[in-house]
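Engineer: Residue numbers (the numbering used here): 20 to 287.
Note that CB positions come from ideal geometry on N, CA and C, so glycine has one too.
Dropping a structure here in structure tokens format, bear with me for questions.
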Amino acid sequence: MRKLLISLLLASAAATPALAGPRDFTGRQDARAERQQTRDNARADRQQSRDDARAERSSGFVGQTNVQPSQRPSVERLARIQPTDRPNASNVDAARASRDAARTQRIEQVQQNVDARRQANEQARNLRQQDRPVPNVLRTRVPVVSDTPREGTQPPLRAGSRPMSAPQWSTNWRNNSKYDWQNWRRHHRSWFHLGFYYDPFGWGYYPYQIGWRLWPSYYSSNYWINDPWQYRLPYAPPGYVWIRYWNDALLVDTWTGQVVDMIPGFFW
């Protein structure tokens, strides 16, 4: 009897889930169908949004096709556009030529200003020592002879005979292009800039002329131009020597001290 009751209880327990099973399965199917429908609707909405965005982008690239006839430029408006408003080869060439001409003019103007300043500076340097007042003894053109060095005087002639005859000197060398010292100085200005000049007597500058005599202290070896060709000067004959006297170059007879040739403003 006990076994029969246990069997009945087990059978009833097994029958209860079997009866409830079909109802639960039907509910899950309905929920799954609803979720699938929701996903399909969302997918369709996204696809529609993408299609609309693609259509808008396509309309933006081909905007000319969407322009209404009333918005297109009229024939009268197109006719008002002058051909000269458009860049062409002739206009470009004309603009380039005008720019080059203006640039060339500016360069020429700057070069002229530089040349003018250089010329003014050279004239000022050449006249730097010439603006001193000439002493009365030299202004008379009659040199004053003195036995002792004094300002504005020249020494007397040396006693005794000359050991050799005086060479003949000519200033025609200035016509020889080989001795174009001015052009040489323009290309080698630093060679002609010798700096401070030490006056042995402290008298200052006097414009000595050809024929005047210098005191021996002015043409000592300290003032010799040892290599005249370096300055494009002709070599001095025996007994003569080129010297620097302030900014002048003088050719002096070492026996008498007489100035044989001179170039004022030679150095600077």
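Tell me, which residues are paired with residue 55 by DSSP?
Structural biologist: The residue labelled residue 55 in the question sits at position 36 within the sequence shown. In DSSP, residue 55 forms no bridge with anything.
Engineer: Going by DSSP in three states, residue 263 sits in which element: helix, strand or coil?
Structural biologist: The sequence position of residue 263 within the sequence shown is 244, counting from 1. Three-state result, residue 263: strand.
Engineer: Which of helix, strand or coil does DSSP assign to residue 232?
Structural biologist: Against the sequence shown, residue 232 aligns to sequence position 213. Strand.
Engineer: So, is residue 229 buried or exposed, given that buried needs 16 or more other C-beta atoms within 10 angstroms?
Structural biologist: Looking up residue 229 in the sequence shown gives position 210. The residue is exposed, with fewer than 16 neighbouring Cβ atoms inside 10 Å.
Engineer: Between residue 188 and residue 279, which are expected to be in contact by the criterion C-beta below 8 Å, what is the C-beta distance as a whole number of angstroms?
Structural biologist: Numbered from its first residue, the sequence shown carries residue 188 at position 169. Numbered from its first residue, the sequence shown carries residue 279 at position 260. Rounded, the Cβ-Cβ distance is 5 Å, consistent with contact.
Engineer: How many Å lie between residue 182 and residue 211 at the Cα?
Structural biologist: Against the sequence shown, residue 182 aligns to sequence position 163. Against the sequence shown, residue 211 aligns to sequence position 192. Answer to the nearest angstrom: the Cα atoms are 34 Å apart.
Engineer: With distances taken from CA atoms, which of 268, 266, 128, 272 is nearest residue 257?
Structural biologist: Stepping through the sequence shown from its first residue, residue 257 is reached at position 238. Among 268, 266, 128, 272, the Cα nearest to that of residue 257 is on 272.
Engineer: Short check: CB of residue 204 to CB of residue 277, under 8 Å?
Structural biologist: Translated into positions along the sequence shown, residue 204 becomes position 185. Translated into positions along the sequence shown, residue 277 becomes position 258. Not a contact, by the Cβ cut-off of 8 Å.
Engineer: Quickly, what does DSSP pair residue 243 with across the bridge? List them, please.
Structural biologist: Taking the sequence shown and counting its residues from 1, one reaches residue 243 at position 224. Residue 243 pairs with 262.
Engineer: Does DSSP classify residue 45 as helix, strand or coil?
Structural biologist: Your numbering for residue 45 matches position 26 in the sequence shown. Residue state, collapsed to three classes: helix.
Engineer: Quick check on residue 245: buried or exposed, where buried means 16 or more other Cβ atoms within 10 Å of its Cβ?
Structural biologist: Against the sequence shown, residue 245 aligns to sequence position 226. Exposed is the call here.
Engineer: In terms of DSSP beta bridges, what is residue 281 paired with?
Structural biologist: Mapped onto the sequence shown, residue 281 falls at position 262. Residue 281 is bridged to 269.
Engineer: What first and last residue would you give for the alpha helix (DSSP H) that runs through residue 249?
Structural biologist: What you label residue 249 is simply residue 230 of the sequence shown in a count that begins at 1. Note, residue 249: premise wrong, no alpha helix (DSSP H); not H, not E.
Engineer: Taking C-beta to C-beta, are residue 4 and residue 248 nearer than 8 Å?
Structural biologist: A query on residue 4 cannot be resolved here, the shown segment of the chain reaching from 20 to 287 and no further.
Engineer: For residue 176, does the count of other Cβ atoms within 10 angstroms reach 16, so buried, or fall short, so exposed?
Structural biologist: As a working note, residue 176 is residue 157 in the sequence shown. Exposed.
Engineer: Nearest to residue 234 by CA position, among 264, 215, 132, is which residue?
Structural biologist: Position 215 of the sequence shown, counting from 1, holds the residue named residue 234. Answer by Cα proximity: 264.
Engineer: In this structure, how does DSSP classify residue 187 when only helix, strand and coil are distinguished?
Structural biologist: Within the sequence shown, residue 187 is the residue found at index 168, counting from 1. Residue state, collapsed to three classes: coil.
Engineer: Can you give the Cα-Cα distance for residue 114 and residue 132, rounded to whole angstroms?
Structural biologist: The count along the sequence shown starts at 1 and reaches residue 114 at position 95. The count along the sequence shown starts at 1 and reaches residue 132 at position 113. About 27 Å.
Engineer: Alpha carbon to alpha carbon, how far is residue 27 from residue 63? Give it in angstroms, no decimals.
Structural biologist: Counting from 1 along the sequence shown, the entry for residue 63 is found at position 44. Counting from 1 along the sequence shown, the entry for residue 27 is found at position 8. Cα to Cα, the separation comes out at about 55 Å.
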